[in-house]
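I have placed the structure first, in the form of structure tokens, so that the comments after it can refer back to it.
In this note's numbering, the protein residues as written are 14 to 252.
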């Protein structure tokens, strides 16, 4: 039994709230439905297994059918930056479309399945694929802008709230509960993505729990009050 999906609050005028709530409006499985029936290679992955590594020859794109994945880049001196967490319906490898090699690592955070998408084959056999690919690229750009806004204008606790609301909306769009979620990533990975220290993420979660907004049990997060949680990042209306 799934909880009711999140209903966007049309009265919210804060751009950060709108960015988070609008991040998962498109159907996550439109491309998957388009590809059903094609003889694509399907790969099962274990937790911590790489889909691809930065520098490997690019063979195509990968559509996530199940599981939870993170993408990251590593600098020459070894510094890591988590660039995103990917769910069913997301495409991996978009950032390397015009390059001979992949530019980031894509790692499974739990057991999952991906579909290999050879671009040349799909371009010839499925003309609609190019349109979907363009839409996916545009969606990635908007998502990046949204997170730039969040990281550049919100404090630590609000960034954590924004992440929880974003994940809630994405899971709801996939048919899962919008108020009960299992964080597949570590607190350190979450902090890296939100540009926060591990200790700051832990303190923010504890404060939200103390306010009765969420319940934290290891990696399990339960949202008790979605409207109040959204209010944490909403600006008052301008008159």
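The C-beta atom is built at its ideal place from N, Cα and C for all residues, glycine as well.
For residue 118, the residue or residues it bridges with in DSSP: 85
Contiguous beta strand (DSSP E) assignments of at least 3 residues, all confined to the segment 144–205: 193–195
Within 9 Å, strictly: CB atoms of residue 119 and residue 81: no
CB contact flag (residue 150, residue 73, <9 Å): In this structure, residue 150 sits away from residue 73, with a CB-CB distance that is not shorter than 9 Å.
Sufficient close CB pairs (3 or more, under 8 Å) joining the segment 201–209 to the segment 234–241: These segments do not touch.
Per-residue burial, residue 34 [other beta carbons within 10 Å of its own, 16 or more giving buried]: Low confidence applies here, because residue 34 scores a pLDDT of 45, under 50, leaving its location unreliable and the question unanswered by this model.
Chain B within 9 Å of residue 239, Cβ atoms only: Reference to chain B is not applicable here, since this structure consists of a single protein chain.
Residue from 166, 90, 147, 138 with nearest C-alpha to residue 107: Here the closest residue by C-alpha is 147.
Alpha-carbon spacing of residue 84 relative to residue 64, whole angstroms: 10 Å
Opposing strand residues paired with residue 79 [DSSP bridges]: 126
C-alpha distance - residue 182 paired with residue 152, whole-angstrom precision: Their Cα atoms are separated by approximately 15 Å.
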